[in-house]
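First the structure, in the form of structure tokens, and then the observations on it.
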Amino acid sequence: MYLIGVDEVGRGALAGPVVVGAVAVVTGKRFSDLRDSKKLTPGARKGWLAYIKNRPEIIYAVGRVYPKKIDKVNISKAANLAATHACLRLFTRLGRGEEFKVYLDGGLYLDERLIISRGFICKTKTIIKGDEKVNAIKLASIVAKVTRDRYMVKLSNTYPKYGFALHKGYGTSHHLKAIKKHGSSVVHRRSFKIK
1 MYLIGVDEVG RGALAGPVVV GAVAVVTGKR FSDLRDSKKL TPGARKGWLA
51 YIKNRPEIIY AVGRVYPKKI DKVNISKAAN LAATHACLRL FTRLGRGEEF
101 KVYLDGGLYL DERLIISRGF ICKTKTIIKG DEKVNAIKLA SIVAKVTRDR
151 YMVKLSNTYP KYGFALHKGY GTSHHLKAIK KHGSSVVHRR SFKIK
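Sequential numbering of the sequence shown, starting at 1, is according to UniProt numbering.
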């Protein structure tokens, strides 16, 4: 039986997608030195992702929603949509016939109607500061963070004027100066107020 954790990264960024990780862990599995991705160094996060990828008792999936859709539906709905897509991918890997127990980090919800329409059953619980309390959510935060950071580094090669590799699309002074100088790109969220 699996316990599933879900967390997102990129909600407050000015550019790039919101990315959600969904991680299924065999019930009872313990981890030492595991923390929320924000409390780990980039090297430690990459090490944990390599560990996640190489453990048969851990299965993961990722969901993304890009700026055009974020601008259309708003960031909260986009994050929940990415969470639903990530869980559907994960459930498909795990197979039907089991009721999944899903813990989501605070603020995230699943579209349970869509999940039921695909033939899956799950019980969900949203936990405030879940990324500090539930190991599966901590792992999901790492998956989401490393996935999004790698994507933003790739975007930096396509849009070098903005320095995405440095700030990952967040509103740092460097990023804001670049937007002021060059204007927004197609990977920026137009609905976000840029000061």
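Every residue gets a Cβ at the ideal spot worked out from N, C-alpha and C, and that includes glycine.
Residue closest to residue i, alpha-carbon to alpha-carbon, out of the options
i: S37; options: I121, S184, A22, A140; result: A140
i: L81; options: T92, K69, L166; result: K69
i: A79; options: L104, T41, M152, S117; result: L104
i: Y60; options: A15, T147, P67; result: T147
i: V102; options: A22, A165, L40; result: A22
i: G16; options: T126, Y2, K53, P67; result: P67
i: V20; options: H175, K77, A50; result: K77
Spatial neighbours of residue i in its chain, beta-carbon cut-off 8 Å, leaving aside the 5 residues before and after
i: E57; result: V25, V26, K29
i: I179; result: L14, Y162, H188, I194
Collapsed DSSP secondary structure at residue i in the structure displayed
i: A165; result: helix
i: L40; result: coil
i: D51; result: Before going further, note that residue 51 is Tyr rather than Asp in the sequence given. In this structure, Y51 counts as helix in the three-state DSSP scheme.
Cβ-based neighbour list, residue i, same chain, cut-off 7 Å, excluding 5 preceding and 5 following
i: I75; result: R11, V18
i: Y159; result: S185, V187
i: Y109; result: N80, T126
Own chain partners of residue i with C-beta closer than 6 Å, once the 5 adjacent residues on each side are dropped
i: I128; result: G106
i: residue 240; result: The structure shown does not extend to residue 240, since the chain is modelled only from 1 through 195, so no value can be given for it.
Contact under 7 Å by Cβ, residue i with residue j
i: A83; j: V6; result: yes
i: G169; j: L14; result: yes
i: residue 223; j: A165; result: Residue 223 cannot be examined here, being either before or after the span of the chain that is shown, 1 to 195.
Run of the beta strand (DSSP E) containing residue i, from where it starts to where it stops
i: L104; result: 99-105
i: V26; result: 18-26
i: E132; result: Element bounds for E132: not the beta strand (DSSP E) but the alpha helix (DSSP H), 130-133.
Span of the alpha helix (DSSP H), counted from its first residue to its last, around residue i
i: R64; result: Looking at the DSSP string, R64 is not in any alpha helix (DSSP H); the run it does join, the beta strand (DSSP E), is 58-65.
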